[in-house]
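Numbering (our numbering), first residue to last: 13 to 442. Glycine included, C-beta positions come from ideal geometry on N, C-alpha and C.
Right, here's the structure in full:
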């Protein structure tokens, strides 16, 4: 981190900060902009939001004077605003991906369909793209990663999100030659797979987060999607469909996440899971692979083993995302990327009985929830990834509460870019 500090201070002194476009000025986007305004060597030069007034209010709230906030409608206006050291706002994401001055784009909407368009067009316009949109990444990340490789830019998940926090531990352990047998995260809320926007309404106000987002946290869809991203990055899979989701403290994790024949719960190693009781942290389980190592781990108070817990007790969401911006722009590195391919999928279950012809909504809705499975199962059983559900998705059959939804049961919006990219991606796996 000292290296990052020094590099950014050098850029600041040279008058050449990393120019960043932030797409989406909700809670995560706003927090990121706040950090970028604090840091030397980075500037949130362009804010993209579907409502300009919200972008304007967010920047004023963060301390920017109104006369320095310029609504723009062309690339020329973006360039002029940036060159004058002011802040541009727009409703048009294409200005971000096509403006020459913008070096890094952060997609922070959480909308998988919109995020697919932003990411794809960022990449083909040779912009680094940081995804604070794990919803999109979980379903077409491998395609976007491959496209970025072809175009010589970085496609990356965001530091501060739990998948990136897990990968920080993974890189540490793998770098030291440890075997990792499990990886996972704490769940922040009591699990209710049938949660609705109405059932979380009061809590959403208290937490200052939209009801749709909170619903996806409570019904565990968000947890599944985050683990999905980790699986696609490191090649791990759920031990059982939907994960075990045990209740435990840190002390018990090493024993719990061992094989059944060793007194644990697992059918095999190389698994992903979540734990109720250790939020907001993330963890990996490593295995001592020699007598000397086990003796040393015991000596330093890590327990008797042979499985040991490495725990990161926090993740700071978008407050950490500048790390990913720096790594992409200066080091040409991703924080986390789906280099293992589509290893897992977050598939769709019905939250309630629904009728043929009903239009349904996806992540964070009152209609469906997600569960993590292997990609092999998703393909073999024609299961529908939840991130492909758009506002125009319609049921072709009646569906019962808690029934798995397959591709055959819905009419998707085939014209949506995210659907096209996933179809192309799956064709490569056939």
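ask   = According to DSSP, which residues form a beta bridge with residue 310?
value = Note: residue 310 sits in no beta bridge, so no partner.
TODO: Determine the DSSP secondary structure at residue 364, reduced to helix, strand or coil.
DONE: The answer is coil: DSSP assigns residue 364 none of H, G, I, E or B.
Going by beta-carbon coordinates alone, are residue 404 and residue 292 separated by less than 8 angstroms? No, the Cβ-Cβ distance between residue 404 and residue 292 is not below 8 angstroms.
Open item on the list: Taking 8 angstroms as the limit between beta carbons, can you name the residues of its chain near residue 236, skipping five residues before and five after?
Closed with: Correct list, in chain order: 254, 255, 358, 382, 383, 384.
For this session: Check whether the Cβ atoms of residue 399 and residue 124 lie closer than 8 angstroms to each other.
Result: yes
field: Identity of the residues DSSP links to residue 38 by a beta bridge
entry: Residue pairing by DSSP places residue 38 opposite no residue, since no beta bridge is assigned to it.
Which of the three DSSP states is assigned to residue 324 in this structure? strand
Residue 375 to residue 349 span [Cα, whole Å]: Taking the straight line from one Cα to the other gives about 22 angstroms.
Tell me whether residue 402, by its Cβ, gets closer than 7 angstroms to a heavy atom of the ligand ZN.
In the structure on display, the ligand ZN does not appear, and there are no ligands present to speak of.
Practice task
Out of 142, 103, 104, state which residue places its alpha-carbon closest to the alpha-carbon of residue 117.
Solution key: 142
- Looking only at its own chain, which residues have a Cβ that is under 6 angstroms from the Cβ of residue 368, when we skip the five neighbours before and after it? 407, 409, 410
| task | May I ask which residues mark the beginning and end of the alpha helix (DSSP H) holding residue 233? | result | 233–246
* To do: Please list, in chain order, all residues of the same chain as residue 208 whose beta carbon is under 6 angstroms from its beta carbon, the five residues on each side excluded.
  => Taking residue 208 as the centre and dropping the five residues before and after it, the same chain places the C-beta of 378 closer than 6 angstroms to its C-beta, in chain order.
Cβ contact (3+ pairs, closer than 8 angstroms) linking the region 40–57 and the region 326–338 = yes
Check your understanding: How is residue 154 classed by DSSP in three states: helix, strand or coil?
Key -> helix
* To do: Figure out for me which residue from 157, 413, 213, 372 has the closest Cα to the Cα of residue 347.
  => 157
request  = Measuring alpha carbon to alpha carbon, tell me which of 391, 325, 320 ends up nearest residue 354.
outcome  = Per the Cα distances, 391.
Secondary structure of residue 267, DSSP reduced to three states: helix
- Message: By the DSSP assignment, the alpha helix (DSSP H) with residue 229 in it spans what residues?
- Response: 223–230
Compute the Euclidean distance between the alpha carbons of residue 530 and residue 344, then round it to the nearest angstrom. Missing from the structure shown is residue 530; the chain here goes from 13 to 442 and no further.
How would you label residue 301, buried or exposed, when you count the other beta carbons within 10 angstroms and need 16 or more for buried? Residue environment: residue 301 is assigned as exposed (fewer than 16 neighbouring CB atoms within 10 Å of its CB, all protein chains considered).
Inset, instruction - Name, in chain order, the residues that DSSP records as bridge partners for residue 191. - result: 299
**Prompt:** Distance, Cα to Cα, residue 281 vs residue 97?
**Reply:** 52 angstroms
query: Roughly how many angstroms lie between the CA atoms of residue 423 and residue 165, to the nearest whole one?
result: Residue 423 and residue 165: Cα-Cα distance of roughly 35 angstroms.
Quiz item: Should residue 40 be labelled buried (16 or more other beta-carbon atoms within 10 Å of its own) or exposed?
Solution: buried
Problem - With 16 other Cβ atoms within 10 Å as the buried cut-off, status of residue 308 - result: exposed
Quiz item: If residue 104 sits next to residue 144, beta carbons under 8 angstroms apart, how far is it from one beta carbon to the other, in whole angstroms?
Solution: That pair is no contact at about 19 angstroms.
Burial state of residue 126, where buried means 16 or more other Cβ atoms lie within 10 Å: Residue environment: residue 126 is assigned as buried (16 or more neighbouring CB atoms within 10 Å of its CB, all protein chains considered).
Next on the checklist: Within 10 Å of its beta-carbon, does residue 289 have 16 or more other beta-carbons around it, so buried, or fewer, so exposed?
Outcome noted: exposed
Practice task
Quick one: give me the first and last residue of the beta strand (DSSP E) that residue 285 is part of.
Solution key: 283–288
Under a Cβ-count criterion, where at least 16 other Cβ atoms within 10 Å of its own Cβ denotes burial, should residue 247 be classed as buried or exposed? exposed
Cut-off 6 angstroms between Cβ atoms - residues of its own chain near residue 336, not counting five sequence neighbours on either side: 142, 168, 170, 171, 347
Using CA atoms only, rank isn't needed, just tell me which of 78, 75, 108, 79 is closest to residue 450.
The requested residue 450 does not occur in the structure, where the chain is confined to residues 13 to 442.
Legend entry - Through-space distance from residue 93 to residue 106, alpha-carbon basis: 16 angstroms
Query raised in the report: Given a threshold of 16 other Cβ atoms within 10 Å of its Cβ, counted over all protein chains shown, does residue 129 qualify as buried or as exposed?
Result: Residue 129 counts as buried, since at least 16 other C-beta atoms from the protein chains shown sit within 10 angstroms of its C-beta.
Check this for me: beta carbons of residue 195 and residue 230, under 8 angstroms apart or not? Taking the C-beta atoms as reference points, residue 230 is found no nearer than 8 angstroms to residue 195.
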